[in-house]
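Colleague: Structure below; questions to follow.
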Amino acid sequence: WQRILSTGGVWQSATLLGPRRMEPPFAYHRAFGRVFDLVPHVQRLLAIGGGGFAFPKLVAEKHSGVVTDVVEIDPAIIEAARRWFYLDEAAELQQGGRLNVICADGRQVLDGAAPSSYDAIVLDAFVRDAPVRSLATLEAFHAAHQALSPHGVLLANVVPDESDPGNGFLRTVTASLVATFANVAITLVVDHQNVGENYIVFASDAALDLPDAIPFDEDFLGEILRDEAL
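Encoded structure:
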């Protein structure tokens, strides 16, 4: 009933089979869809981290008029998504929009994006189970801020790490976003079916209507990560 994309023994993505093949099986991918509640008239969306293209497939099925640029650095992953994860079928659903697959480094695409070119940006890039730190620096978030429209929203997926019980990376991401955007909110997505948790950090200059947001204060914020530290 489900096909898993695993690299190095780590689950990267998955797809349901049969009639529900465009529906993401992981709860955090479904949670990315909240961006359409926060920005009702999304026209262009940038997703960095393709994997099995679970979220772009959801966009293709539910929001077919959206132009979605998906950046995946590994051509072998893109080929796997075309062969086993219904990527080409999803692209055909984008009536009035497009699903553009870009094989490139996500940070380079972010740095090169035109000002106000996207209404939403979703960051979900990992090397096995490690986040891509170049997408979590202050400079990266400044580039994302510039690429977003005035009411645009950024979403960053942060996976809790057992070797980091103090959620240091989450604190760092939040601190860098607070230094860049007017409003930042953290939500927790618990996936009982696949036994996992994900923090989704939202950032925008517009108000964020997220009743389930986890309160935090300045004491929670970690050290800001900069490019020079990578």
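According to our numbering, numbering within the sequence shown proceeds without interruption in unit steps and concludes at 218. Built from N, CA and C at the ideal position, the CB exists for glycine as well.
1) Between which residues of its own chain and P44 is the CB-CB distance below 7 angstroms, once the five residues before and five after are set aside?
2) Given that a residue counts as buried once 16 or more other Cβ atoms are within 10 Å of its Cβ, and exposed if not, what is P12?
3) What is the DSSP secondary structure of E60, counted as helix, strand or coil?
4) In whole angstroms, give me the CA-to-CA distance for N155 and L218.
5) Cα separation between L126 and L33?
6) Look at the alpha carbon of P148 and the alpha carbon of I202, and state the distance between them as a whole number of angstroms.
7) Which residue or residues does DSSP assign as beta-bridge partners of F114?
8) Quick one: using the 10 Å Cβ neighbour count with 16 as the cut-off for buried, is S1 buried or exposed?
9) What does DSSP give as the partner residues of V172 in its beta bridges?
10) Report the rounded CA-to-CA distance for S105 versus L142, giving the unit in angstroms.
11) What does DSSP give as the partner residues of A2 in its beta bridges?
12) Taking R22 as the reference, give the member of V166, A69, G140, L209 with the closest Cα.
13) Return helix, strand or coil for Y74, following the three-state DSSP convention.
14) Compute the Euclidean distance between the alpha carbons of V189 and C91, then round it to the nearest angstrom.
15) List the whole-angstrom C-beta distance separating N145 from Y16, where the pair is believed to meet the contact cut-off of C-beta under 8 angstroms.
16) When the Cα atoms are used, what is the spatial distance from Y235 to L4?
17) Between which two residues does the beta strand (DSSP E) containing A35 stretch?
Modeller: Taking the definition as stated:
1) The residue you call residue 44 lines up with position 56 of the sequence shown. A35, T56, V58, A78, L87.
2) For the purposes of this step, residue 12 is taken as residue 24 along the sequence shown, with counting starting at 1. Buried is the call here.
3) Counting from 1 along the sequence shown, the entry for residue 60 is found at position 72. In the three-state DSSP reduction, E60 falls in the strand class (E or B).
4) Residue numbering aside, residue 155 sits at position 167 when the sequence shown is read from its first letter. Residue numbering aside, residue 218 sits at position 230 when the sequence shown is read from its first letter. Inter-residue distance for N155 and L218 is about 19 angstroms (C-alpha atoms, whole angstroms).
5) In the sequence shown, the residue the question calls residue 126 occupies position 138. In the sequence shown, the residue the question calls residue 33 occupies position 45. Cα-Cα distance, rounded: 21 angstroms.
6) The residue given as residue 148 occupies position 160 in the sequence shown. The residue given as residue 202 occupies position 214 in the sequence shown. Near 15 angstroms, if we compare the C-alpha coordinates of I202 and P148.
7) Against the sequence shown, residue 114 aligns to sequence position 126. Partner(s): P119.
8) Mapped onto the sequence shown, residue 1 falls at position 13. Counting Cβ neighbours within 10 Å, S1 comes out buried, since at least 16 surround it.
9) As a first step, residue 172 must be located in the sequence shown, where it is residue number 184. Answer is A191, bridged to V172.
10) On the sequence shown, position 117 is the one that residue 105 refers to. On the sequence shown, position 154 is the one that residue 142 refers to. Taking the straight line from one Cα to the other gives about 13 angstroms.
11) Stepping through the sequence shown from its first residue, residue 2 is reached at position 14. Here A2 is bridged, per DSSP, to I(-8).
12) Position 34 of the sequence shown holds residue 22. Nearest option by C-alpha distance: G140.
13) Position 86 of the sequence shown, counted from the start, is the residue given in the question as residue 74. Coil at Y74, not helix or strand.
14) Numbered from 1 along the sequence shown, position 201 holds the residue referred to as residue 189. Numbered from 1 along the sequence shown, position 103 holds the residue referred to as residue 91. Computed Cα separation, rounded: 25 angstroms.
15) Numbered from 1 along the sequence shown, position 157 holds the residue referred to as residue 145. Numbered from 1 along the sequence shown, position 28 holds the residue referred to as residue 16. About 6 angstroms; that satisfies the 8 angstroms criterion.
16) Residue 235 lies beyond the stretch modelled for the chain, which goes from -11 to 218, so this question has no answer here.
17) In the sequence shown, residue 35 corresponds to position 47, counting from 1. Unbroken beta strand (DSSP E) run through A35: 32 to 36.
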